[in-house]
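Structure record follows, encoded as structure tokens.
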Amino acid sequence: MTSGMRNATLSFASNLNFKYIYYNNDAVLQFLIDNYGENSDEFHTFNNIIPFAYKIDFWRLALLYKIGGYYSDVDSVLLKKELNSLIENNATMILPVGYATEFVWFGFDFAFIGSVPQHPLLRIAMDMIIYNVKNKFIPQVPQRLNEIWFFKYFTITGPVLMGKAFNRFMNEPDEAPHNIVKGRSLGIQFLGFCEVNGRKYFTTIPHQRNIRECRGETVIQFAYDEYWEERWKTSKPYWRNVIEGKIFNS
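So in my numbering the end of the sequence shown lands on 641, straight run, no missing numbers.
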């Protein structure tokens, strides 16, 4: 773990009202074995998808589905002193909105996500990923998102898939605009997502039109300042696997 990652984890670990657990690769596998079984679809899915980012997309859902709580990517920085102050009363899930432009918004960027155990939205998303891996299936980007080239990397496990899962949870078509009002009535608390001066943040007020506008209070920084410099020195980005066709094990 780099010094930047260590400092990022301390921003969460310092919250006295929560127990912070860091899972290394061995612990991730052991959790799946202990909670789902070595012959389970969940274990098979994790082992048979290649990009590590995709593995962790699935694992965070499997983790929260079993034990609940809050998941954060190891590179994220909590900007509030107390995580409790971020959480609304009676929220059953916390879900950040995804990338937005002036004309389109779709999906949820779950680098940070919170949930009660066995939330049905988590199960829907998990089953969609299991299907994709079993069938070596690469879903299409929703038609209105074709202008945003990098969305094609988020359809197998990531924000685009979570957007479709959310719509299924809402009993709406996969590519329909997200019904945030209805989601709130079902106990989902939404965070905003914005980018300013090269830094990406989750905020207290979701905004569905412009990624350059932060609304409300910035509460989590998505990737600490030195992250990308450190990342390029240590490993290739996950989308290289996708470009090279290395997505599923044979």
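Using N, Cα and C, we set each Cβ at its ideal position, and we do this for glycine too.
- With contacts defined by Cβ atoms closer than 8 Å, residue 401 and residue 488 do not form a contacting pair.
- Residue range 416 to 427 is occupied by the alpha helix (DSSP H) that includes residue 427.
- Fewer than three Cβ pairs drawn from the region 471 to 483 and the region 541 to 560 lie within less than 8 Å of each other, which leaves the two stretches out of contact.
- Residue 507 sits in coil when the DSSP states are folded into three classes, being neither helix nor strand.
- Counted as a single uninterrupted DSSP element, the beta strand (DSSP E) harbouring residue 463 occupies residues 460 to 463.
- Separation of the CB atoms of residue 455 and residue 515 is rounded to 13 Å, and the pair is thereby denied contact status at 8 Å.
- Look at the beta carbons and you see the region 423 to 441 not touching the region 400 to 415: under three pairs across the two are nearer than 8 Å.
- The beta-carbon separation of residue 585 and residue 604, rounded to 6 Å, stays under the 8 Å limit for a contact.
- In the DSSP assignment, residue 613 falls outside any alpha helix (DSSP H) and within the unbroken beta strand (DSSP E) covering 609 to 613.
- Here residue 534 really is in contact with residue 566; their C-beta atoms are around 7 Å apart, less than 8 Å.
- In this structure, the CA atom of residue 590 is about 11 Å from the CA atom of residue 618.
- Restricting attention to beta strand (DSSP E) runs no shorter than 3 residues, the region 516 to 569 encloses none.
- According to the DSSP assignment, residue 401 belongs to the alpha helix (DSSP H) that extends over 394 to 404.
- Assignment of residue 578 by DSSP, reduced to helix, strand and coil, places it in the coil class.
- Under DSSP, residue 594 forms a beta bridge with 583, 609.
- Assigned with DSSP and collapsed to three states, residue 407 falls in coil, not helix or strand.
- Residue 484 is classed as buried because its beta carbon has at least 16 other beta carbons within 10 Å across all chains shown.
- DSSP places residue 434 inside the alpha helix (DSSP H), whose first and last residues are 432 to 438.
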